[in-house]
Structures are given as structure tokens and as C-alpha cells.
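Protein chains in written order, with the working numbering: chain W, 185 to 590; chain V, 198 to 590. Before any comments, here is the structure.
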Amino acid sequence: MSRGITLYLHVHQPWRVRDYTVFETASHHDYFDGNGENDRNNGRILRKVADKSYRPMNALLKKLLDTHPDFKVSLSITGTFIEQAEMWAPDVLDDFRALVETGRVEIVAETYYHSLAFFYSHEEFNRQVNMHRDKIREVFGVETTAFRNTELAYNDQLAEWADQAGFQAILAEGWDPVLDWRSPNYVYRPAGTENIKLLMKNYRLSDDVAFRFGNREWAEYPLDAHKYQQWMEAAFGGDAPIVNLFMDYETFGEHQWEDTGIFNFMEHFVANWLKTPGNTFYTVTEAANADEPRGEISTPHTITWADTERDLTAWLGNSLQHETMRHLYALEEDIMQTGDIELIGDWRRLQTSDHVYYMCTKWFNDGDVHAYFSPYESPYDAFLYVMNAIRDLRYRLMQHTRYGGM
Amino acid sequence: MKLLMLGWELPPHNSGGLGVACYHMAKAIAQAGVDIDFVLPYDAAHPDTEWMTIHAATKQIPDQRTEGGLAYSGDYPTLRKLQASYITHVEELVRTQEYDVIHAHDWLTMEAGVRAKELSGLPLVVHVHATEFDRSASDSGNPLIHEIEYQGLMVADRIFAVSNITKAIIVSKYNIPAEKIEVVHNALDVTSLLNYEYDQSTYRYLESLKEEGYTIVGTITRFTVQKGLTQLMKAAARASERYDRLAFLFCGDGEQRDELIQLAADYGISDKVYFTGFVRGKQWRDAYSVSDVFVMSSVSEPFGLTALEAAHHDTALIISKQSGVGEVLKGIFRYDFWDTDKLADQIIGIATSPALLSSLRQSAKSEYLKFSWNDVAQKCLVNYHQLRTGVYA
């Protein structure tokens, strides 16, 4: 039997809110049009990450696909990323198209806006999944068969939904308290589902690359392809059929800079791995169908791929975040009723999970990661700008209805 | 007469009311014919101060964050170093210049005042805008600052207190004889507030809420424990529970800023609370104008000039009983700073009664003009003359 690595990379950029003050609320509606030499300038960031990550990594993936007939990769690409790439780096989208055209790159479904809508409004969640499906069809000409929720936020209810929606596979964190004695390196059946398969991230091997690769304090530093291959062999053990490597696409070149050797590492690892007969790569849907489910996994509580808690507290852990979400989703019905595409679009862009992530106040251990990924001076600044934007949405809503208030 | 005035900040490099009060007081005294040398701890341009001579004690430029802020800097060791340089400069001045009286403002310049008196034998007026008891809003505070205040108050020939509340603190906490203390209420310089037209363009969202029948409750202050803002936030939450057409405008900045943002979220009223950051110019004045009600929530406020500024911009006033400016205004609501239920009640009362709102507005407007900087200057001059004749007779 073949042993297949499921390499899945997540491509995303949020529409960051600029320093949007009380003084602009109700007079300017351009929350996402930050400019200047700062990290709220979305165009500037996209161009920077395109140079550091998207262009070199796409080139590497293309080379690997051209060189190794057994190399495969899966990508999830958010709608907010595609919008920004269309504006500021259309060649990057062409590169992605070229990858998909090889027939060995699967696009994974998700919410268009990289939102946590599943936890607030199933209706809105469904609309965003449909929007994403349509966008992927339009840009890449392919249909999606596997689903991943924002931040890999997963529970039984989501699996049931994905099963009924006809997806063949769904992705989740291979978190020990959920797996108990079991290994993430098999295919499972989510509790309460009929057909769908559950793929669980091997977080040790994934995070060795995504988080630890360039860390000089790490006992295993430097990690080379040979050492990683040994760990991979150990993970497959006697009979495991799959190892799921799930990570942010931006790991390559942005989170781990080129000078860490991340691109070379990847190139060599793929070549080495495929030298052994029987070793291969799977797309996520292939992986789900490579084996029968070895058991049922029940996950009543939501797990994610973030932080040491693997829960939603990085996004929904404090009252700033709860307030933001409460006021944002409270607008749903009124906003949808306007039929105003721009207003609805701005409301949806604010649903992107990154906004509340920037409001995270968990300073210790995980906090340094959050600080690195935040374009704002503090979580409180992030909160004020987003709250002002939400109030501006209310104002625009009032202009529509000539009625209302807060 | 030549006056050596020791201050710590002047507009536009002020972080609070101290600089504003010093500016207008000095101006009124200068207009009464007094030569003033005004010493500052930093070096910067100050427009419209040609009627006095400003001495920069150091080459330091004002803090960028508040374009001032030195008076309330949290970094004590840095502040002490600056004070040491300031004293050296004042020593040099009294050695080389002839003065009649020394007038020192607050603990920041008290040591320099004491030193100047030692060297020159001139009479020293210590002007108390706030004590460490006010700033810390407690009986604790920084013991070193207490000590500096104690010595300054002891050595001073005359003490000016900005309110009866402050006078009472000086008597009870520092055991200073009441006869040595003169209450000199601050005033509002109306001429500096001319040339202003309110065009409703700055706070568009709040204006739109007002059209929908909302009442805007505003405050403009430093976000420090002295100002009682956590209590104001609690009252805002209490009031919002019972009446939802309220919005709260918090203008300013300070070490409690993040805490207040968090508190609003904890109470679930983030969408009703507006944080502007530090405001000046039009944004500052429009903040008063957009407010229907101005709340001064201080735990301990020696005077509270912003209440008079608010009255000038046509707001109703709710002022804590611990704020000095409240002792001479009648047409206002008062409450104990800790009594958040009462404050909530007063806010709702005003919000739900247009008649009450307009009557409070009118009375505040008719009363705030009885404070005048010319009266303050006259009081200062009388005291300078008494001290001079007392010393030299």
C-alpha cells in the first residue's frame, strides 16, 4: 500500500482596517483603503508577500510538479486574497492557475471571507461558502470536493453540515484530547455523518516546518530534509496510510524567510521522499479516499489549529472580540435587506477572522505570535478602528432606511 | 513690579489644564502692568506670549505623544532629573536678575520656588492647582511628592488654592494654617474662544444619532484615576440599561485608556462609547458642542476648568461633589463621584426631559462668566503687594 503525504497550504490575506477614527465615521467609508508606509496598507502588504512568498513558492511548486509526477498539493485560497491579488498581483493568480492546470493541485472549499460565520449565522455561512465556490469556479474552472473552515475551526455540527453539503472530506486539527490514543495518520469518520471523511493534521510534523523551522533556539535546529524524512518514516510507522501536513502557505518565505533555507528544504524533502518506492503525495480528497475510516471521531467542542489551547479563544476569548462579533452580526438582516452590494461587501470584509485576532489579549506564550501578526499598535487600537467601521455601517444603513439608530 | 513665575507647561505644549490656567493668569497679570519672567522646563515656541519673557530651563523638546505631557509624565526618575535642571536654571536667574515676588505653580516647581526664596530672600507664593492627594485619588500617592508639597507649603509666604476643596485638603492633610491660604478660583478666558463656528462636521456619526433623538454625554479629560472615569463608565452602563438613546463621548488619553476600552466592552456598551484620543483645536471644541451634557466625574478635582469651557459651548453640567468648580455654580447637577446610580439617574433625567436639559443649559451659560481672569489677576496683585510690603517694611 502507498504511503502518502497530504500537503495542504492555506492562502489568505485579510482586508485590514486602516486607522479609522471617530472623526471619519459617517463621513468616509473607505475603511480598507489604508495607505502609506504602514502595515494597514493592504496593497503594500500584498506586494511584499507576493515577492517574499507567493512568487517564489509558486515557482517551486510548479517545478516540483513538473519534476515529480507523484507530487501533489492542495490549496485553499480565500476570496479576500483573490480580490487583492486581482488588484495588485494578477501574475500571482496566473501562477496559481498554472498549478491547478497540472491536474495535481486540489482547491479546497471554505468561506469566501475567511470568517467565523458558522458560529454566528448558518445562513450567512452558507452564502459565503457558495460565494467561494463560485469564485473558485470562475478563477480556476474547478469544483471543490473537500472543505476546511476558517482557522480549521471544527466540531461535529460542522462535519454534519459538510456531509449534507456533499463534501467528501473535511479538515481538522489532530489534537490529542480529541484523538485520545489514536493517531492522526489515518482517515476517520466524523460522528453523526454518513459519507464524509475526516483528515486530521499531524501538528507535530506540520509545526516543525510552519513554526519551528527557522528558530535557532529549537533543539532540533537546523532541520534538514534527511532528518525530517526520518521523522516522517517514524510517523508512518508500520501501516499508517497518510500524514497530513497542513499549514499556512505564507510559511514559505513570509513566516519563514528565504534565508532560513525553507525553499531548499522543501525541494529536497519532496525529492527524497519520492525516491522510496511506495511513497507518494495525495491531494486531500485522494487522501480521504485512500483508506477506509478507522473509527469515528466525536468533537462536540470546537477545536482550531491555533495556540496551545487549540480553541477559539484567540478570536473569541475576550469581551472586545465578543462585542465586535455581537454588533457585527446583529446587522445581518438589515444589511442584507438593503441589497446594496458595497454595503454588504464591506460588512462581510469586517467578518474576516483576522480582525478579532488582532484584538487578542493573550499576551503570554501565544501572545508573541499574535503581536507578530498584528498590524496595530495594540489590541485596543484594533478594536476601536473596527468598532468605528461597524458604526459607519450603521450610519450607511440609516441612510438606506432613514430610520433606526444604534 | 517684576515677577518670577515658575511653571511647567504652556499651550500648545500642555497636557492638561495647568498650562491653560498659567497662560491666562500670566496674561491677565501682565496686562495689569507686571513684568513677568516665566520659566519652563522645555524649549519650544509659544505663540502669543510676547507680553512676557519665557525662559527655557533645558534644551529638551516637549513630549511627542501629547505634545506636552511633561506635567503628568509617569516616569518619575526622568522627571526628577528635569526638575534638577530646572532648579539650576532658576538659581541662575535669581542670582542675575532682580525680582519682587516668586510665584510657583504646583509641586513640579515648588522646590525651585523654595530654592529661589532661599537665595534671594524674596516672598514666595505657592499656587496649588492639585495636590498629590488629588492626582492619586487616594490617601497614598507618591510619598516623595507629598514631602515636596509639604516643604513647599511650609516655606511659602502665601498659598493660593484653586478652590475651597483644595484649601481644605491643604489644611487637613498638610496641617497648614488656613490664614495662610487664599482661595483663587480659576476662570475662563472667553476671548480665546471667539472665532469659532460650530458646523457639525467633525462628529458626523454623533450628529446623525442626535437627529435620531439620542442624547450625547461627553467628557474631555486625561484618562487617569483622578478623573473618576471608571465610575463614569459604570454609570453609562447603568443608564444604558434603562434608556437606550444615549451615547458617550470620551475625549482624551492617558494610562487608563486601554482599561476604559476594556471596561466598555465588559459592560457590553462599546458601541455607545466613543474614544477620540487626545483632541485639540476644532475637534476639541466640537466635542463640547456636540455634547448635550458634560460630565466632570473627578474623584478629586481642585478646580475643573473644562466645566466652564463646556458651559461656554452650551452644555448642561453634571459635576462630582469632589470637583472645585462645582462649589460656585448653582444651575448644575452634582453627585458623589462613587454614586454611579445617582449619576445614571441624572443622565436619564436630562435625556428624557427636554425642559430640564434646556434649563440646565441656560443656567450654566448664565453662570460661567462670573469667573474672570482679571479678577484673578487683581487678587494676585493685592497679595504680591501685601507680601512685598510685609517683607521689606
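The beta carbon of each residue, even a glycine, is placed where N, CA and C say it ideally should be. Quick caveat: nothing in here was measured; it's all calculated off a predicted structure.
Candidates 373(W), 428(W), 455(W) and 450(W): closest to residue 483(W) by CA position: 373(W)
Do residue 185(V) and residue 259(V) have their C-beta atoms closer together than 8 Å? Missing from the structure shown is residue 185(V); chain V here goes from 198 to 590 and no further.
Run the CB neighbour count on residue 390(V), radius 10 Å, all protein chains shown included, and call it buried at 16 or more, exposed below. exposed
If contact means a Cβ-Cβ distance below 9 Å, which residues of the stretch 190-217 of chain W contact chain V? 205, 206, 207, 208, 209, 210 and 211
Nearest to residue 351(V) by CA position, among 332(V), 427(V) and 323(V), is which residue? 323(V)
If we define contact as Cβ-Cβ less than 8 Å, is residue 537(V) a contact residue for chain W? no
Residues that residue 581(V) contacts on chain W, provided the C-beta gap is smaller than 8 Å: Per Cβ cutoff of 8 Å: no residues; residue 581(V) is ~45 Å from chain W at best.
Which residues, taken in chain order from the stretch 462-486 of chain W, show a beta carbon closer than 9 Å to some beta carbon of chain V? none
3 or more residues per run - each beta strand (DSSP E) lying fully within the stretch 205-289 of chain W: 257-261
I need the DSSP call for residue 374(W), collapsed to helix, strand or coil. strand
Take residue 560(W) as the anchor and find which of 432(W), 572(W), 573(W) and 542(W) has the nearest alpha-carbon. 542(W)
Would you say residue 569(W) lies against chain V (beta-carbon separation less than 8 Å)? no
Any residues in the stretch 428-457 of chain W with a beta carbon nearer than 9 Å to a beta carbon of chain V? Which ones, in chain order? none
Backbone secondary structure at residue 464(V) - three-state DSSP: coil
Bounding residues of the alpha helix (DSSP H) (the contiguous stretch that carries residue 314(W)): 306-324
Could you pull the DSSP bridge partners for residue 335(V) from this structure? DSSP, once it has assigned bridges, lists no residue as partnering residue 335(V).
Can you list, in chain order, the residues of its chain with a C-beta nearer than 6 Å to that of residue 548(W)? Leave out the 5 residues immediately preceding and following it. The predicted position of residue 548(W) is uncertain, since its pLDDT is 49 and thus under 50; no value can be drawn from it.
Three-state secondary structure assigned by DSSP to residue 141(V): No information on residue 141(V) is available, as it lies outside the stretch 198 to 590 that chain V covers here.
Beta bridge counterpart(s) of residue 566(V) as assigned by DSSP: In DSSP, residue 566(V) forms no bridge with anything.
Selection from 392(W), 433(W) and 399(W) that minimises the alpha carbon distance to residue 616(W): Residue numbering for chain W in the displayed model covers 185 to 590; residue 616(W) lies beyond these limits and cannot be assessed.
Do the CB positions of residue 504(W) and residue 447(W) come within less than 8 Å of each other? no
With a cut-off of 8 Å, do at least 3 Cβ pairs link the stretch 495-509 of chain W to the stretch 455-474 of chain V? yes
So residue 604(W) contacts chain V; which residues on that side make the cut at Cβ distance below 9 Å? The structure shown does not extend to residue 604(W), since chain W is modelled only from 185 to 590, so the question has no answer here.
In its own chain, which residues sit with a C-beta less than 8 Å from the C-beta of residue 474(W), not counting the 5 before and 5 after it? 186, 188, 371, 425, 426 and 466
Closer than 8 Å between beta carbons: that is the criterion. Which residues of the stretch 319-337 of chain V meet it against chain W? none
Below-8 Å beta-carbon distance, residue 402(V) vs any chain W residue: yes
Applying the 10 Å Cβ sphere with the 16-neighbour rule, what's the burial state of residue 549(V)? exposed
Test: residue 503(W) CB closer than 8 Å to a CB of chain V: yes
Roughly how many angstroms lie between the CA atoms of residue 234(V) and residue 320(V), to the nearest whole one? 16 Å
In angstroms with no decimal places, state the Cα-to-Cα distance between residue 365(W) and residue 462(W). 27 Å
Please compile the residues from chain V whose C-beta is within a distance smaller than 9 Å of the C-beta of residue 562(W). 455
Look up residue 474(V) in the DSSP assignment and give the residues it is bridged to. 448(V)
Inspect the beta-carbon positions of residue 294(W) and residue 490(W) and report whether they are closer than 8 Å. no
What residue from 464(W), 362(W), 517(W) and 206(W) has the CA that sits closest to residue 479(W)'s CA? 362(W)
In its own chain, which residues sit with a C-beta less than 7 Å from the C-beta of residue 494(V), not counting the 5 before and 5 after it? 416, 424, 425, 426, 428, 429, 517 and 534
Counting only Cβ pairs nearer than 8 Å, list the residues of chain W close to residue 480(V). 207
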